[in-house]
Every structure is written in C-alpha cells, then in structure tokens.
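Participant: Below is a structure I'd like to ask you about.
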Amino acid sequence: MRKLVTLFLLSFLFFTCDDGDVITVEFEFDDTFEACGNLVFHKEKDDPSESFSILLTSDSNYNSLEDVLAYTLSADSVYATPATPTKEFTINGSSNRFNYRTYNADLPNNYFCSDVPPSEIEILTDEESVTGLVTITTSLIEDDNDGLPAWFEDENLDGDNDPSTNPTDTDGDGIPDYLDDDDDGDNVRTVTENPNFDAALGVLVDPQDTDGDGTPDYLDDDDDGDEVLTRDEENDSQDQNPANDVTNPASGLPDYLNGDVMTTVPATAWRTHTILQEFTVKVEIEGFQLPNVNYFNTYNFGTLEATETNDSRTLTPIFP
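Residues in the sequence shown are numbered from 574 upward in steps of one, following the working numbering.
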C-alpha cells in the first residue's frame with residue numbers, strides 16, 4: 574500500500590475553504606493499477622472513495638493494452654523483446670489526460686471499463702492536470718517452465734551471470750537451455766524427466782538417472798543407455814513423444830526407459846516448445862499539476878495488474 578499525502582510533494586493535499594480553514598485529505602492507494610479500453614489506466618480506493626486515472630489517445634499506433642504488451646522476435650524467433658520498451662505521452666488535457674476524482678460512494682468493479690457508468694455514482698470532485706509527462710515502461714521475462722531457474726541452466730562461461738549472453742544450449746537446437754523445455758533434445762520435456770531442483774539449496778536432489786551413467790535424464794539423450802537415442806525410440810507412433818511408445822506393457826516402461834527394447838525409428842522432428850512470458854508494465858508521471866496541488870517531481874503510478882501480462886508462445890526448432 575502506497576500512502577500519498579501531498580503537500581507540494583504529494584504528501585499532503587490541502588483544499589482551502591472560503592472561511593480560511595484548511596482541510597487535509599490523505600490518499601492511500603495500492604502500488605498497482607488496472608487498464609481497460611483504449612489505454613485507460615486507473616486506480617481507486619474506498620473510504621473515502623477516490624481515483625486516479627490516465628487516458629492516452631494521442632498515438633493511434635499505441636492506444637491499447639495489446640500495443641503496450643506487443644513484442645518483436647529475433648531473426649531466428651528464439652528471443653522476444655518488448656516492441657516499445659519505453660513510451661512517453663505529454664499530458665495536455667485533451668487527448669492525454671490525468672484526473673483525480675472523489676465520489677459519493679465506493680466504486681463498483683469495472684467502473685472505468687463500463688460503457689455506461691452506474692447512475693448512482695456521483696463525482697464530487699474532478700481535478701485535472703493539463704501538464705505533465707507520462708512514461709510507460711514495459712519489460713519481459715521469458716522462461717521454459719521446466720522447474721529449473723534460468724541461472725541454474727547457464728554454465729555462465731562469460732561470467733556475467735546473464736543466461737541470455739553466451740547461453741548454454743545442451744542439445745544444440747538453437748534454443749538456450751533456460752528457454753528450452755527439452756534441454757537434451759530427446760523429445761521428452763525436461764520437467765517430465767524429474768531433475769528435482771531444490772530451491773532452498775540451489776542444487777538438484779537425487780535427479781532421475783535411469784541408466785546410472787551420472788548424467789541426469791534431462792541432460793541425457795539416451796536415457797536408458799541402450800545406445801539408441803531416446804528420440805529414436807518411437808516404435809508405436811512418431812509424434813515427437815517417446816513417452817507414449819510402449820512395446821512391452823508388462824514392464825510398465827516406455828521404450829526409451831526400457832534398456833531391453835532397442836528398436837530404432839529415426840526421429841524426423843523436434844517437439845514444439847512452449848515459452849512462458851511475464852510482462853511487467855510500470856507507469857510514472859512527471860511534472861503534473863492539479864488545481865490544488867503543486868507537484869513537479871516524478872510520481873510512481875504503479876505496476877499494471879492484469880491477466881494479459883502472463884502469456885506464452887511456441888517455438889519449434891529446425892531438426893538437423
């Protein structure tokens with residue numbers, strides 16, 4: 574919870590009454606905000622009922638949440654980066670607006686996103702700034718969701734503690750391990766091969782190693798040690814999923830974990846990989862001025878809270 578109490582520094586907000594008395598109004602807003610429509614950012618609170626809202630419409634190429642969360646891919650489609658990492662809007666009181674409002678009652682959910690606001694809600698105070706600069710910053714973190722943190726999946730040979738630079742790529746498929754949900758390229762997902770990472774200890778604890786060769790299955794392209802690559806043990810259905818090929822049901826094992834089954838069916842493709850995306854959108858306002866507030870420093874409007882900030886994309890590497 575961020576406390577905004579404004580006196581020329583957004584610490585105390587004073588309303589001067591006709592009789593000379595000074596009324597102090599205290600703001601308490603969360604550190605998050607929501608979005609709706611054609612780029613409306615808003616945050617509200619109860620007791621008393623108040624809101625801050627930002628409307629941004631001056632750029633037709635950047636006027637929706639989809640534009641804020643847009644990303645571009647590298648030439649090989651492996652890496653994604655925000656299409657617009659930083660975007661600025663000048664508050665002008667028309668196409669770009671910043672308002673502080675008070676109400677006669679608590680606001681219902683989706684108040685700002687409703688085409689027709691509830692008639693029982695009355696705006697008591699509506700103050701608007703006609704100056705200021707809104708800065709939107711979008712960042713993106715991607716992960717393969719294989720149960721292993723990105724730092725752990727990088728040998729860090731360049732010593733910069735950044736898995737995206739000189740990344741480790743165990744199977745050589747062009748996808749670095751921290752984005753690869755099948756690190757060894759055997760068409761069995763890493764998480765399925767039970768690496769058993771202990772977050773508290775920062776190490777693997779008894780990782781699955783079917784053939785006992787000292788290489789955990791998630792990094793072993795021949796899991797059962799029968800000299801047939803795991804991805805080539807699809808004897809029933811060639812669907813880039815060796816886990817559903819069982820020649821000997823009595824064993825209870827798929828062929829790629831059964832050292833007694835050594836039939837080779839050469840793989841022709843790698844499985845499709847899923848990469849999770851987590852966007853972080855932050856908004857700051859600089860140099861705004863409300864009628865009863867002098868404030869020219871930077872105000873942290875907060876971090877976007879929306880289901881759209883969590884997404885995923887798919888990538889299928891080119892088979893050699």
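For every residue, glycine included, the Cβ atom is placed at its ideal position computed from N, Cα and C.
#1: Below 6 Å CB to CB, which residues in the same chain sit around Asp828 once its five sequence neighbours on both sides are set aside?
#2: Measure the C-alpha to C-alpha separation of Ser647 and Asp719 and round it to an integer number of angstroms.
#3: CA-CA distance, Arg886 and Pro822?
#4: Using 9 Å as the threshold, is the C-beta distance between Ile694 and Asn672 below it?
#5: What distance in whole Å lies between the Cβ atoms of Asp753 and Leu802, which are believed to be in contact at a cut-off of 8 Å?
#6: Am I right that Thr605 and Pro658 are in contact with their C-beta atoms under 8 Å? What's the rounded C-beta distance?
#7: Closest to Thr837 by C-alpha separation, out of Gly825, Glu851, Ser692 and Arg804, would be which residue?
#8: How about Asp716 and Leu849: do their beta carbons lie closer than 9 Å?
#9: Cutting at 6 Å between CB atoms, please list the residues of its own chain near Asp750, excluding the five before and the five after it.
#10: Have a look at Ser692 and Leu774 and give me their C-alpha separation to the nearest angstrom.
#11: Which runs of the alpha helix (DSSP H), 4 residues or longer, sit entirely within the stretch 614-696?
#12: Find out if the Cβ-Cβ distance for the pair Val641, Lys616 is shorter than 9 Å.
#13: Using DSSP with H/G/I as helix, E/B as strand and the rest coil, what is Asp746?
#14: Between which residues of its own chain and Asn739 is the CB-CB distance below 7 Å, once the five residues before and five after are set aside?
#15: Report yes if the CB atom of Glu607 is closer than 9 Å to the CB atom of Pro864, and no otherwise.
Facilitator: On the basis of the supplied data:
#1: Residue 828 sits at position 255 when you count from the first residue of the sequence shown. These residues qualify, in order along the chain: Glu806, Asn808, Asp818, Thr820 and Val834.
#2: Taking the sequence shown and counting its residues from 1, the one referred to as residue 647 is at position 74. Taking the sequence shown and counting its residues from 1, the one referred to as residue 719 is at position 146. Each residue's Cα considered, the two are about 22 Å apart.
#3: Position 313 of the sequence shown, counted from the first residue, corresponds to residue 886. Position 249 of the sequence shown, counted from the first residue, corresponds to residue 822. Their Cα atoms are separated by approximately 35 Å.
#4: Working through the sequence shown from its first residue, we reach residue 694 at position 121. Working through the sequence shown from its first residue, we reach residue 672 at position 99. Going by C-beta atoms, Ile694 is not nearer than 9 Å to Asn672.
#5: Mapped onto the sequence shown, residue 802 falls at position 229. Mapped onto the sequence shown, residue 753 falls at position 180. No, Leu802 and Asp753 are not in contact; Cβ-Cβ is about 17 Å, not under 8 Å.
#6: Walking along the sequence shown from the start, residue 605 turns up at place 32. Walking along the sequence shown from the start, residue 658 turns up at place 85. With 8 Å as the limit, Thr605 and Pro658 do not qualify as a contact, their Cβ atoms being about 20 Å apart.
#7: Residue mapping note: residue 837 aligns to position 264 of the sequence shown, counting from 1. Considering only alpha carbons, the answer is Arg804.
#8: For the purposes of this step, residue 716 is taken as residue 143 along the sequence shown, with counting starting at 1. For the purposes of this step, residue 849 is taken as residue 276 along the sequence shown, with counting starting at 1. The answer is yes: Cβ separation under 9 Å.
#9: By 1-based counting over the sequence shown, the position of residue 750 is 177. Correct list, in chain order: Glu726, Thr741, Thr743 and Asp756.
#10: For the purposes of this step, residue 692 is identified with residue 119 of the sequence shown, where counting begins at 1. For the purposes of this step, residue 774 is identified with residue 201 of the sequence shown, where counting begins at 1. Their backbone Cα atoms lie some 57 Å apart in a straight line.
#11: Given a length threshold of 4 residues, each whole run of the alpha helix (DSSP H) inside the stretch 614-696 is given here in chain order: 638-641.
#12: Residue 641 sits at position 68 when you count from the first residue of the sequence shown. Residue 616 sits at position 43 when you count from the first residue of the sequence shown. The answer is no: Cβ separation not under 9 Å.
#13: One-based indexing of the sequence shown puts residue 746 at position 173. Under the three-state reduction of DSSP output, Asp746 falls in the coil class, being neither helix nor strand.
#14: Your numbering for residue 739 matches position 166 in the sequence shown. Only Leu730 and Asp731 meet the Cβ criterion.
#15: Locating residue 607 in the sequence shown gives position 34, counting from the first residue. Locating residue 864 in the sequence shown gives position 291, counting from the first residue. No; because the gap between Cβ atoms is not below 9 Å, this pair is not in contact.
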